[in-house]
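As structure tokens, the structure follows; a few thoughts come after it.
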Amino acid sequence: MRTAETSDLWWKNAVVYCLDVETFMDGNDDGVGDFLGLTERVDYLAELGVTCLWLMPFYPTPDRDDGYDVMDFYGVDDRLGDHGDVVEFLRAARDRGMRVIVDFLVNHTSDQHPWFLEARKSKDNPFRDFYVWRSDPPPDTSDQVVFPDQENSIWTKDEPTGEWYQHSFYKHQPDLNGANPKVRDGIAKAMGFWLELGVDGFRVDAVPYMLNTVGRSVEGNEDPTDPHEFLRDLRRFVQRRRGDAVLLGEVNLPYPEQKTFFGGTRGDELTMMFDFNAMQQTYLSLARGDARPLAKALRSRPTINPDNQWATFLRNHDELTLDKLTDDERQEVFDAFGPEERMQLFGRGLKRRLPPMLAGDPRRVRMAYSLLFSMPGTPVLFYGEEIGMGENLDADGRMAVRTPMQWTGGENAGFSHAPSDQLVARVVDGGFGPEHVNAADAKRDPDSLWAFMAKLIQRYRECPELGWGSFTVLRQPNHAVLAHRCSWSGQGNEGRANGSEASASIVALHNFSAEPATVHLDLTTDEDTAERIGGLPLIDLLGSTDLQIADDGTAEVQLEGYGYRWLRVAHPGDRRLP
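Under UniProt numbering, the letters of the sequence shown match residues 1 to 578, in that order.
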């Protein structure tokens, strides 16, 4: 239940769009995307219906990890523009009703950050305890490395002082010491800077790793604190500075542990978290043509505080991680969607985008995105998903999916007028190249994936029950079909703006099989008895074939192979248009 003191929870039904400034649009034709080019494309994003932009790191960097090795938390990489360009972009986004969140690194810095350059000078340097050091040779930690093809330990010896520093990721990314109050203050101060500049929150990278260093004894602090107090401090800080700011966390852990990072029932740590578990089970269901793995995952989602939210996604900017599947399950997904070794990464994931994995089958692609937008939570898109971009398997690691945005079918995909050998990354070629897949053509085609995605976004925004409501997997006998229902009582201003105080409800069905299906549903619940819902219409939100609930509270729905339906239960008093 929302209270008068609760900030505006705009993110509960947002549509988040992740992009990398350097690969989105080049405004000065030097081969690198920039804020000038991004600002030129804000209208495109607004027309699509996006309500929140998530920017990957744009800070000064040696660029040894695509910007995730930050040299200055306050700066802007000069290849991408300056603070004035950022402000102009923020103004343009705000004028079109879009929020902006930015990637923020709280776990590590670049080894070129001034803090680390000072810290490695001597053991008694004032910045020494900004990082994690040990004087004894470390044990074997090869089983803890995140990038097993690049590192064999999470400790590296620094010759000037003869001690080892910790790095959860690459050796050029030393871990910050989150137990040090000065580090916490430095992180909060930098976040405060960007909030004052106009951002609406942060996507917090690698959250579990950042807490690994919290709770350690450091000089002058021999009473370690609860590691999660760091997250609570950050949440309190950003909400003091900007009441509706969001912390969207990357936490790839089992559900019970994820709930801890929300702050448990208090909900006072991360605002939102990516649902890695449901994402991975989605791909297992797609590989098997069987909805049961995903249904099981969604049923096991823990109940969270109403002031928290799940962020749902099919692809992000990293590899498609499958680490929460068993070895046999992971191999099933590999066999279906990435059978070649060059398609796989770190032994746990795939360096592919969704359309090539589904062999470009428009039925399966559209079913997958319909599923994404109908699942309870806030959908997150990775740039180019709206037009069906593919990957460049010749690129190293995660860079396979971080290729230039394909705007036109012309030279360099319309991304830049620079010579092609000066581009920040190579444009995708082949069947998913820009001559076949580009935004300009897609926008003009009423039957394109872009048009379908714009409709999904519009419908999602019209259905607050998908972002705000309770969730139930509906029982039915066909294992290939996921049938679920999202219901919401309509409490608060959001409900009154969209209809009455009566319960609002969406029933969504998705067929993971190529075979048509007839689905018999029982829609009665404790709240909706057969007497209450019998005879009510089921409004077809993605098509034009409405149905009706039988007097006994059941409904029979036909689905094509890889078919999907969104059906709104039209309760009396609901004044929304079909």
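Virtual Cβ for every residue (Gly too), placed ideally from N, Cα, C.
Every value quoted in this text rests on a predicted model; they were computed, and no experiment measured them.
Backbone CA spacing between residue i and residue j [nearest angstrom]
i: GLY49; j: ALA439; result: 14 Å
i: ASP233; j: ARG184; result: 9 Å
i: PHE432; j: LEU449; result: 13 Å
i: PHE202; j: TRP310; result: 15 Å
i: VAL246; j: ILE101; result: 8 Å
i: VAL207; j: ASN107; result: 7 Å
i: LEU248; j: PHE104; result: 10 Å
i: ASN392; j: LEU381; result: 19 Å
i: GLY561; j: PHE58; result: 43 Å
i: ARG299; j: PHE24; result: 37 Å
i: GLY573; j: GLY243; result: 33 Å
i: LEU53; j: GLU257; result: 28 Å
i: LYS157; j: PHE116; result: 14 Å
i: PHE262; j: GLN422; result: 43 Å
i: SER513; j: ALA480; result: 6 Å
i: GLN476; j: THR525; result: 14 Å
i: LEU19; j: GLY553; result: 44 Å
i: GLU229; j: ARG459; result: 39 Å
i: ASP429; j: GLU411; result: 12 Å
i: LEU456; j: ALA119; result: 50 Å
i: LEU541; j: LEU577; result: 10 Å
i: MET191; j: MET56; result: 15 Å
i: TYR17; j: TYR383; result: 6 Å
i: ASN212; j: LEU231; result: 12 Å
i: PHE452; j: ALA46; result: 15 Å
i: ASP205; j: GLU250; result: 6 Å
i: ALA570; j: VAL199; result: 38 Å
i: PRO356; j: HIS436; result: 13 Å
i: ARG94; j: THR408; result: 26 Å
i: ALA425; j: SER416; result: 11 Å
i: GLY414; j: ASP441; result: 12 Å
i: ASN13; j: PHE127; result: 42 Å
i: GLN548; j: ASP63; result: 57 Å
Of the listed residues the options, nearest to residue i (C-alpha basis)
i: ASN36; options: GLY198, ASP82, VAL401 and LEU371; result: The question names Asn, but residue 36 in the sequence shown is Leu. Looking at the Cα atoms, ASP82 is the closest of the given residues.
i: LYS443; options: GLY67, SER470, ILE387 and PHE261; result: ILE387
i: PHE334; options: ALA504, TYR17, GLN280 and GLY397; result: GLN280
i: LYS123; options: ALA297, GLU159 and PRO148; result: GLU159
i: TYR209; options: PRO174, LEU197, VAL199 and GLN558; result: PRO174
i: ARG96; options: ARG41, HIS113, ASP136 and VAL76; result: ARG41
i: TYR74; options: PRO114, ASP43 and LEU38; result: PRO114
i: THR39; options: VAL76, ASP72, PRO434 and ARG91; result: ARG91
i: GLU329; options: MET343, SER489 and ARG348; result: ARG348
i: LEU345; options: ASN305, LEU372, PRO139 and ASP396; result: ASP396
beta-carbon residue i near the ligand GTP non-hydrogen atom, thresh 7 Å
i: GLY377; result: The model depicted lacks the ligand GTP and carries no ligand whatsoever.
Contact set for residue i: own chain, Cβ-Cβ below 8 Å, skip 5 residues either direction
i: GLN150; result: TYR170
i: ASP551; result: ALA530, GLY534 and GLY535
i: PRO362; result: LEU449
i: ALA368; result: THR282, LEU286, LEU314, LEU354 and LEU358
i: GLU515; result: ALA480 and GLY561
i: MET98; result: VAL42, LEU45, ALA46, VAL50, THR51, CYS52 and LEU53
i: LEU80; result: VAL21, GLU22, VAL32, GLY33, ASP34, PHE35 and PHE58
Close Cβ partners of residue i (< 6 Å) along its chain, the five nearest in sequence each way excluded
i: ASP318; result: ARG398
i: VAL507; result: ARG485 and LEU567
i: THR282; result: LEU294
i: THR161; result: LYS123
Close Cβ partners of residue i (< 7 Å) along its chain, the five nearest in sequence each way excluded
i: LEU195; result: VAL238, ARG241, ARG242 and ALA245
Under 8 Å, with one C-beta from each stretch per pair, do the stretch 85-105 and the stretch 116-134 reach the 3-pair mark?
no
Quick one: which unbroken beta strand (DSSP E) runs of 3-plus residues sit fully inside the stretch 198-274? Chain order, please.
201-204, 246-249 and 272-274
Would you call the stretch 263-272 in contact with the stretch 234-243, where contact means no fewer than 3 C-beta pairs closer than 8 Å?
yes
Validate contact between the stretch 456-474 and the stretch 399-416 using beta carbons, cut 8 Å, 3 pairs
no
Return the chain-ordered ranges of every beta strand (DSSP E) run that is complete within the stretch 42-104 and spans a minimum of 3 residues.
52-55 and 99-104
Write down every uninterrupted run of the beta strand (DSSP E) in the stretch 454-532 whose length is 3 residues or greater and which is fully enclosed by it, in chain order.
470-473, 481-488, 504-511 and 517-522
Under 8 Å, with one C-beta from each stretch per pair, do the stretch 281-288 and the stretch 334-349 reach the 3-pair mark?
yes
Do the stretch 108-116 and the stretch 67-79 meet, that is, are 3 or more Cβ pairs less than 8 Å apart?
yes
Run through the stretch 324-356 for me and flag every whole alpha helix (DSSP H) of 4 or more residues, listed as ranges in chain order.
327-337
For the stretch 368-445, list the alpha helix (DSSP H) runs that are entirely contained and at least 4 residues long, ordered along the chain.
The stretch 368-445 contains these whole alpha helix (DSSP H) runs: 439-444.
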